[in-house]
Ligand SMILES: [Mn+2]
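Numbering (our numbering), first residue to last: 138 to 430.
This is the structure we're talking about:
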């Protein structure tokens, strides 16, 4: 028996030829400093790499795409002395991936990492649409005195000129204050609350985005805590694993980038949330490769 763990079910490129050929990139954004409540998200990238051990999982996705050796793991971005400095590095890292014509799959970190990641898409040739799967709308203009809190991510995204629209799916914690902010942006913001997630409502979102460049920010607390217990803010009544997989697999939009955030390793049970996160990422990667083939 192989005694060494095989990261990310063997999907990472192992030699220069494979790395060169890889059009999809895995990059860790290991910052959990902007969480308002618990610590633990900073260890997300390493947990996701380890969760799907290739001795137990294989590299073929549900849709039959073999990802073995096809993902370039660029490691984790080194944090700066302040969050502003860290954010600048995250942004630059995203920009440089896009300039090399590869697709970034970014692993947080708390949800604050999404802001610099999407800022990096100013380097993308067209405007983009963002889909946020989340229990929370994150529409606070500032939270506990900070504009970079993970509770402000939606608000920051709506301030970006290169973000044509923001679609939030799975929301179940909308407060009056955030609803007010949402109303100010109703021409660009669609909120699909968890209680209204049905095949029909999801199909309407897919149709509206068909063929368009879409960035997905996947906060794991969008899923029900029964599926994703390892998050800082578990909120009952969320999406099932299957609903999120269906959304990713049936996408007819052009996936131009994605992040997976808010995995809190300290809260996880038997790595179930990390395993789910790895699986969701791989299914999205497989769909991307099938689309670009
Ligand atoms: Mn959230």
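Even glycine gets a Cβ: it sits at the ideal position worked out from N, Cα and C.
Exercise for the section: With 8 Å as the threshold, decide whether the Cβ of residue 250 is near any Cβ in chain B. Expected result: The structure shown contains no chain B, having only a single protein chain.
Practice task
Assign residue 144 to one of two classes, buried (16 or more other C-beta atoms within 10 Å of its C-beta) or exposed (fewer than that).
Solution key: By the 16-neighbour rule on beta-carbons within 10 angstroms, residue 144 is buried.
Problem - Bridge partner(s) assigned by DSSP for residue 240 - result: BP columns for residue 240 point to 161.
Practice task
For the alpha helix (DSSP H) holding residue 304, just list the boundary residues, first then last.
Solution key: Per DSSP, residue 304 is not a residue of any alpha helix (DSSP H); the beta strand (DSSP E) it occupies stretches across 300-308.
Handout entry: Beta-carbon contacts of residue 376 that lie in its chain and below 6 Å, excluding the five residues immediately before and after
Key = Excluding its 5 nearest sequence neighbours in each direction, residue 376 has C-beta neighbours in its own chain below 6 Å: 307, 359, 360, listed in chain order.
Practice task
Determine the direct distance from the alpha carbon of residue 337 to that of residue 286, and round the result to whole angstroms.
Solution key: So the alpha carbons of these two residues sit roughly 33 Å apart.
Problem - Spatial distance of residue 437 from residue 372 (CA atoms) - result: Since the first and last residues shown for the chain are 138 and 430, residue 437 lies out of range.
Handout entry: Contact check, residue 211 vs residue 270, beta carbons under 8 Å
Key = At a Cβ-Cβ threshold of 8 Å, residue 211 and residue 270 do not count as neighbours.
Handout entry: Neighbourhood of residue 256 by C-beta, 6 Å cutoff - its chain only, sequence neighbours within 5 removed
Key = Here the set comprises 228.
Problem - Secondary structure of residue 398, DSSP reduced to three states - result: Three-state DSSP puts residue 398 in a strand.
Exercise for the section: Please classify residue 299: is it buried, with 16 or more other beta-carbons within 10 angstroms of its beta-carbon, or exposed? Expected result: The residue is exposed, with fewer than 16 neighbouring Cβ atoms inside 10 Å.
Problem - Contact test: residue 299 Cβ vs ligand 3 heavy atom, cutoff 7 Å - result: Because ligand 3 does not appear in the structure shown, any question about it cannot be addressed here, the ligands present being ligand 1.
Practice task
Give a yes or no on whether the C-beta atoms belonging to residue 397 and residue 245 are separated by under 8 Å.
Solution key: In contact: residue 397 and residue 245 (Cβ atoms closer than 8 Å).
Handout entry: residue 168 burial status per 10 Å Cβ neighbour count (16 or more: buried)
Key = Under this definition residue 168 is a buried residue.
Problem - Reference residue 213, options 225, 243, 202, 197, closest by Cα - result: It is 243.
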